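**Student:**
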Amino acid sequence: MELNDGNLQTLTEYLQKTLIPDPAVRRPAEKFLESVEGNQNYPILLLTVLEKSQDEVIRVCAAVTFKNYIKRNWRIVEDEPNKISDPDRTAIKANIVNLMLTSPEQIQKQLSDAISIIGREDFPQKWPDLLTEMVTRFQSGDFHIINGVLRTAHSLFKRYRHEFKSNELWSEIKLVLDTFAQPLTELFKATIDLCQTHATDVNALKVLFSSLTLISKLFYSLNFQDLPEFFEDNMETWMTNFHNLLTLDNKLLQTDDEEEAGLLELLKSQICDNAALYAQKYDEEFQPYLPRFVTAIWNLLVTTGQEVKYDLLVSNAIQFLASVCERPHYKHLFEDQNVLTSICEKVIVPNMEFRSADEEAFEGNAEEYIIRDLEGSDIDTRRRAACDLVRGLCKFFEGPVTGIFSGYVNSMLTEYAKNPGVNWKHKDAAIYLVTSLASKAQTQKHGITQANELVNLCEFFVNHILVDLKSPNVNEFPVLKADAIKYVMTFRSQLPKEQLLEAVPLLVAHLQTESIVQHTYAAHSLERLFTMRGANNATLITPAEMAPFTEQLLNNLFKALAIPGSSENEYIMKAIMRSFSLLQDAIVPYIPTLIGQLTHKLLLVSKNPSKPHFNHYLFESLCLSIRITCKANQDTVGSFEEALFPVFTEILQNDVQEFVPYVFQVMSLLLEIHTSSIPSSYMALFPHLLQPVLWERTGNIPPLVRLLQAYLEKGATTIASTAADKIPGLLGVFQKLIASKANDHQGFYLLNSIVEQMPPDSITQYRKQIFILLFQRLQSSKTTKFVKSFLVFINLYCVKYGAIALQEIFDGIQPKMFGMVVEKIIIPEVQKVSGQVEKKICAVGITKILTECPAMMDTEYTKLWTPLLQALIGLFELPEDDSIPDDEHFIDIEDTPGYQTAFSQLAFAGKKEHDPIGDAVNNPKILLAQSLHKLSTACPGRVPSMLSTSLPAEALQFLQGYLQAATVQLV
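Here the sequence shown is numbered in my numbering, starting from 12 and rising by one per residue.
(1) From the DSSP output, in three-state form, read off residue 550 for me.
(2) Write down the C-beta distance between residue 866 and residue 818 rounded to the nearest angstrom, noting that I regard them as a contact closer than 8 Å.
(3) What residues are listed by DSSP as bridge partners for residue 544?
(4) Going by alpha carbons, who is nearest to residue 919 out of 316, 490, 470 and 632?
(5) Could you tell me the alpha carbon to alpha carbon distance between residue 842 and residue 971, rounded to whole angstroms?
(6) What's the gap between the Cα of residue 172 and the Cα of residue 431?
(7) How big is the Cα-Cα spacing for residue 384 and residue 574?
(8) Express the C-alpha separation of residue 138 and residue 104 in angstroms, rounding to a whole number.
(9) Should residue 472 and residue 510 be called a contact, given that it needs their Cβ atoms to be closer than 9 Å?
(10) Should residue 903 be labelled buried (16 or more other beta-carbon atoms within 10 Å of its own) or exposed?
(11) What are the boundary residues of the alpha helix (DSSP H) that includes residue 630?
(12) Measuring straight from C-alpha to C-alpha, what distance separates residue 206 and residue 218?
(13) Considering only their Cβ atoms, is the gap separating residue 496 from residue 475 smaller than 9 Å?
(14) Please confirm whether residue 149 and residue 160 have their CB atoms less than 9 Å apart.
(15) For residue 9, which of helix, strand or coil comes out of DSSP?
(16) Once you ignore the five residues that flank residue 61 on each side, which residues in its own chain have a CB closer than 6 Å to its CB?
(17) Hey, is the region 88-97 in contact with the region 108-123, meaning 3+ C-beta pairs nearer than 8 Å?
(18) With a Cβ-Cβ cutoff of 9 Å, do residue 852 and residue 882 count as a contact?
(19) Quick one: using the 10 Å Cβ neighbour count with 16 as the cut-off for buried, is residue 34 buried or exposed?
(20) Quick check: the Cα distance between residue 686 and residue 744, rounded to an integer number of angstroms?
(21) Any contact between the region 15-27 and the region 48-64? By contact I mean 3 or more CB pairs, one from each, below 8 Å.
(22) Specify the secondary structure class of residue 151 as computed by DSSP and reduced to three states.
(23) Check whether the region 263-270 and the region 350-366 are in contact - that is, three or more C-beta pairs closer than 8 Å.
(24) Please list, in chain order, all residues of the same chain as residue 785 whose beta carbon is under 8 Å from its beta carbon, the five residues on each side excluded.
(25) Label residue 962 either buried or exposed according to how many other C-beta atoms from any shown protein chain fall within 10 Å of its C-beta, with 16 as the threshold for buried.
(26) Exposed or buried, which one is residue 900 when buried takes at least 16 other CB atoms within 10 Å?
(27) Following the continuous alpha helix (DSSP H) through residue 413, name the residue where it begins and the one where it ends.
(28) How would you write the range of the alpha helix (DSSP H) that residue 999 sits in, first residue to last?
(29) Just to confirm before moving on: does the CB-CB distance between residue 195 and residue 156 stay below 9 Å?
(30) With the cut-off set at 9 Å, would you say residue 516 and residue 559 are in Cβ contact?
(31) Do residue 11 and residue 947 have their C-beta atoms within less than 9 Å of each other?
(32) Classify residue 779 as buried or exposed, calling it buried when 16 or more other Cβ atoms lie within 10 Å of its own Cβ.
(33) Give the secondary structure of residue 864 by DSSP, where H, G and I count as helix, E and B as strand, and everything else as coil.
(34) Comparing C-alpha positions only, which one of 246, 404, 501 and 99 sits nearest to residue 348?
(35) Given that a residue counts as buried once 16 or more other Cβ atoms are within 10 Å of its Cβ, and exposed if not, what is residue 49?
(36) Can you tell me where the alpha helix (DSSP H) holding residue 367 begins and where it ends?
This is the structure:
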């Protein structure tokens, strides 16, 4: 694409169309941009539009498109084409920092993100001057530019907070500190001085305080891994200024907005985080500063109001106290009973109250409320912080703290009892207090696993929780009902089974409530109960115990999806999946109705997939319906295909990228169930599955390979007779996969199925070419994963076509090649093969090479006979060799570039392990003994003499054991 006005105009027009809501206009425009993004100069054209367009909306659109383009394509993946040309890469890096710093804030943020994506791949090795270019801009004195630099540095360095320690990481951080720490400290001091100079200029203060917040965030990132020497030497500067900023109260920066945190709150929140980091990790060095921070943060907590805008500040301040109180060093600060009482009264109890803002979220923004309350999102709530502080205090002061709070809980419950309609919030706080007091250790899977012995959970359940669950009006006091449901879920491992069984029908009834939070909690709670394990690893709650409620459970779950606000509620869909999984055969009578509802839902969400978890559980539920029903009656597979194929066709035709991998998995499951020949509806689709465009997307590869394997298993003869012209296409897929280190194992899965299932004469003409391709890959990049797969393949080939055919095809490519493969690959590497079926294939294949290949007995290959036998005995008796060469870069299969839909394995579409040898060989050791016996009768005396001269004694001993077990001997 040339850099000219025509192309700029075209690009602008298409960008404009991507903003139009109508999918008929928007989709083709998005597809066009996707089709041209591989052209050279495309990113440069985008940046030109971004810089020169007169239309602000188009500039922002170009910035977002550019950032997403970088996100998808910048990373260079081994074996994959480089999607951005080198001249474009160089031009982008040369211009982007300057462009970002001179752009308006909205565009600056997008470009800043793009720089951090590029930086993650290229910095420091391929972009050594990035930091110096940024640091020099600190001198500009223009805070729009300085904040751009700080924002970019923050998005570049924040990964230091969660990266694993490594030498590369240390050397990168050291380089950053050498270049950045000193200028950052100077900028920090200069900015604080400017705050005093401009103390009365509100606009200047806003800019300066946003700089101070970014500087404080950078401080956190750069100090997270370890305490850098520079910051230790300059601790006085940083900590004194942090402390002063914590106690600062500038009236000009106070905001009237009760919801949104102001600059002052954001800065103080970050400083609390920084102080907590030092108190936790560097307590010795931080000790001189700690008391004044404790005092300042305590004063902050006591004087800050209940408004939402202070939530982050208060929760970070409480988290600071929580991290301090559980360190043995600081225990003395909290020992006094008055201090404990004061903390409980002034910090914990007030921050556990259910505020009107929480009530508004509960009613009006249920999704946000659930994420905060149930999933423990990143946004810390006051309640969670207070809960953590209770846990921290209980570490050393469990008795006194429980004592203080028991008084509070009783008085709250008494208040509630006086007038439940008015005082229900008192009971809510009491339940929350009991939960935080009782919870010592928690896991996602089991809920609370360790509880405070001083709190009687069962008694509290009977006296205060069941009452709410049993109340006849399920829609009354929704917050208390949600609390009660959550209590069952939280303490499910602590409550006896009979209490849980008593709760189940009550929870089923709560699936019908109007409140989104309430019915979501009920669904989540049931789902968690259904995963609990009892004796013998069976589910704690059995299908028989669920029998009286099965119909109501299924009805209520599906009805809940019709309640406004819950049409794509992932918790309900997960509960549907888990109910199917628990109830098994009991759901069969309901499936004809339910499958219609599931497919209708699938059709609706495929129009605009927006909830990945919901969609995943929806497909899992479909798989379960198919599995369970077809297990009871195989003939029902046709009715599932009738129901699902129209929706699947629409998904494939509209190329709904998120759903295509799922569709292939469900189709594989359906096809694998068929017992007779392959239905024509599948054969009609077969040519489309070989289209290269489908294989471009990494997420499609595993499910497509499995689907093709199902085609080969059920319809190899049909393919050979009616679609022989498609065999080259099938082998083309194998060739593409085998070339990639990330996907070569998938290529072998496909190849193994072709060799095992296709009629031999249909692939005769291609065999030699297949082996040549494999050798080329072995020569160009030999990895452990490839060699393991290669060994399984050649042994499968040997089992299928015989040892002579294997020897002849190798020697037909190049004389003596068979010997080289045996000597250089099979003998040294076979110990690395893993997996029962894979080992069995190799054992049977090697046995055939040893006993059914004349060339092994009377040519120069004979010298390899005993070492090969020894390698086979090693495969039987020695532990698997799982070593990997140091220099081998193992590609993580999940490590797919950018935003592409990664492959999500459906647990309930699971494929049964297939053993191509099956019952023909039950015990490969016995087969070896019998085959050696047969060989020795054909050429008497040869085998024993070969064994006695060169097989080590230990291996010989094992072999004698096999011969005895098979009741044969060698002659």
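In this text, a Cβ means the ideal position worked out from N, Cα and C, and glycines have one as well. What you are looking at is a predicted structure, and each value in this text was computed from that prediction instead of being measured.
**Tutor:** For this structure:
(1) Stepping through the sequence shown from its first residue, residue 550 is reached at position 539. When secondary structure is reduced to three states using DSSP, residue 550 falls in the strand class.
(2) For the purposes of this step, residue 866 is taken as residue 855 along the sequence shown, with counting starting at 1. For the purposes of this step, residue 818 is taken as residue 807 along the sequence shown, with counting starting at 1. Taking C-beta atoms under 8 Å as the contact rule, residue 866 and residue 818 qualify, at a distance of about 5 Å.
(3) Here residue 544 refers to the residue found at position 533 when the sequence shown is read from its first residue. For residue 544, the pairing in a beta bridge is given by DSSP as 550.
(4) The residue labelled residue 919 in the question sits at position 908 within the sequence shown. Out of 316, 490, 470 and 632, 632 has the C-alpha closest to the C-alpha of residue 919.
(5) Start at 1 with the first residue of the sequence shown, and residue 842 comes out as number 831. Start at 1 with the first residue of the sequence shown, and residue 971 comes out as number 960. Cα to Cα, residue 842 sits roughly 21 Å from residue 971.
(6) Position 161 of the sequence shown, counting from 1, holds the residue named residue 172. Position 420 of the sequence shown, counting from 1, holds the residue named residue 431. When only Cα atoms are considered, residue 172 and residue 431 end up about 46 Å apart.
(7) For the purposes of this step, residue 384 is identified with residue 373 of the sequence shown, where counting begins at 1. For the purposes of this step, residue 574 is identified with residue 563 of the sequence shown, where counting begins at 1. In a straight line, the C-alpha of residue 384 is about 21 Å away from that of residue 574.
(8) Taking the sequence shown and counting its residues from 1, one reaches residue 104 at position 93. Taking the sequence shown and counting its residues from 1, one reaches residue 138 at position 127. In this structure, the straight-line span from the alpha carbon of residue 104 to that of residue 138 is close to 8 Å.
(9) Numbered from its first residue, the sequence shown carries residue 472 at position 461. Numbered from its first residue, the sequence shown carries residue 510 at position 499. Taking a C-beta distance under 9 Å as the contact criterion, residue 472 and residue 510 qualify as a contact pair.
(10) Residue 903 sits at position 892 when you count from the first residue of the sequence shown. Annotation note: pLDDT 35 at residue 903 (below 50); position unreliable, coordinate value reported separately. So residue 903 ends up on the exposed side.
(11) Along the sequence shown, read from residue 1 onward, the residue named residue 630 stands at position 619. For residue 630, the enclosing alpha helix (DSSP H) stretches over residues 623-643.
(12) Working through the sequence shown from its first residue, we reach residue 206 at position 195. Working through the sequence shown from its first residue, we reach residue 218 at position 207. Going from the Cα of residue 206 to the Cα of residue 218 covers about 10 Å.
(13) Here residue 475 corresponds to residue number 464 of the sequence shown, with the count starting at 1. Here residue 496 corresponds to residue number 485 of the sequence shown, with the count starting at 1. In this structure, residue 496 does not lie closer than 9 Å to residue 475 by Cβ.
(14) Mapped onto the sequence shown, residue 149 falls at position 138. Mapped onto the sequence shown, residue 160 falls at position 149. In this structure, residue 149 lies near residue 160, with their beta-carbon atoms less than 9 Å apart.
(15) Nothing can be reported for residue 9: it is not among the residues displayed for the chain, which extend from 12 to 982.
(16) Reading the sequence shown from its first residue, position 50 is the one you call residue 61. Within the same chain, residue 61 has close Cβ partners 70, 73 and 74.
(17) Not touching, per the Cβ criterion.
(18) Start at 1 with the first residue of the sequence shown, and residue 852 comes out as number 841. Start at 1 with the first residue of the sequence shown, and residue 882 comes out as number 871. For residue 852 and residue 882, no; Cβs fall outside 9 Å.
(19) On the sequence shown, position 23 is the one that residue 34 refers to. With fewer than 16 other Cβ atoms from the protein chains shown falling within 10 Å of its own Cβ, residue 34 counts as exposed.
(20) Mapped onto the sequence shown, residue 686 falls at position 675. Mapped onto the sequence shown, residue 744 falls at position 733. Using only the alpha carbons, I get a separation of about 26 Å.
(21) Contact between the region 15-27 and the region 48-64 is present, because at least three Cβ pairs lie under 8 Å.
(22) Start at 1 with the first residue of the sequence shown, and residue 151 comes out as number 140. In the displayed model, residue 151 falls within a helix according to three-state DSSP.
(23) Output reads no: the region 350-366 does not touch the region 263-270.
(24) On the sequence shown, position 774 is the one that residue 785 refers to. Result list for residue 785: 749, 801 and 804, in chain order.
(25) By 1-based counting over the sequence shown, the position of residue 962 is 951. By the neighbour-count rule (16 or more Cβ atoms within 10 Å), residue 962 is buried.
(26) Position 889 of the sequence shown, counted from the first residue, corresponds to residue 900. With a pLDDT of 40 at residue 900, under the threshold of 50, the predicted position of this residue should be treated as unreliable, and no value is reported.
(27) Start at 1 with the first residue of the sequence shown, and residue 413 comes out as number 402. It spans 393-429 - the alpha helix (DSSP H) in which residue 413 sits, taken as one unbroken run.
(28) Since the first residue of the chain shown is 12 and the last is 982, residue 999 is not available in this structure.
(29) If you number the sequence shown from 1, residue 195 lands on position 184. If you number the sequence shown from 1, residue 156 lands on position 145. At the C-beta level, residue 195 and residue 156 stay beyond 9 Å of one another.
(30) For the purposes of this step, residue 516 is taken as the residue at position 505 of the sequence shown. For the purposes of this step, residue 559 is taken as the residue at position 548 of the sequence shown. Taking 9 Å as the Cβ cut-off, residue 516 and residue 559 qualify as a contacting pair.
(31) Given a span of 12 to 982 for the chain in the structure shown, any question on residue 11 remains unanswerable.
(32) Here residue 779 corresponds to residue number 768 of the sequence shown, with the count starting at 1. Per the 10 Å Cβ criterion, exposed.
(33) Working through the sequence shown from its first residue, we reach residue 864 at position 853. DSSP places residue 864 in coil when its eight states are reduced to three.
(34) Here the question's residue 348 lines up with position 337 in the sequence shown. If you compare the alpha carbons of 246, 404, 501 and 99 with that of residue 348, the shortest gap goes to 404.
(35) Taking the first residue of the sequence shown as position 1, residue 49 is located at position 38. With fewer than 16 Cβ atoms within 10 Å of its Cβ, residue 49 is classed as exposed.
(36) Within the sequence shown, the letter at position 356 stands for residue 367. First-last of the alpha helix (DSSP H) with residue 367: 367-375.
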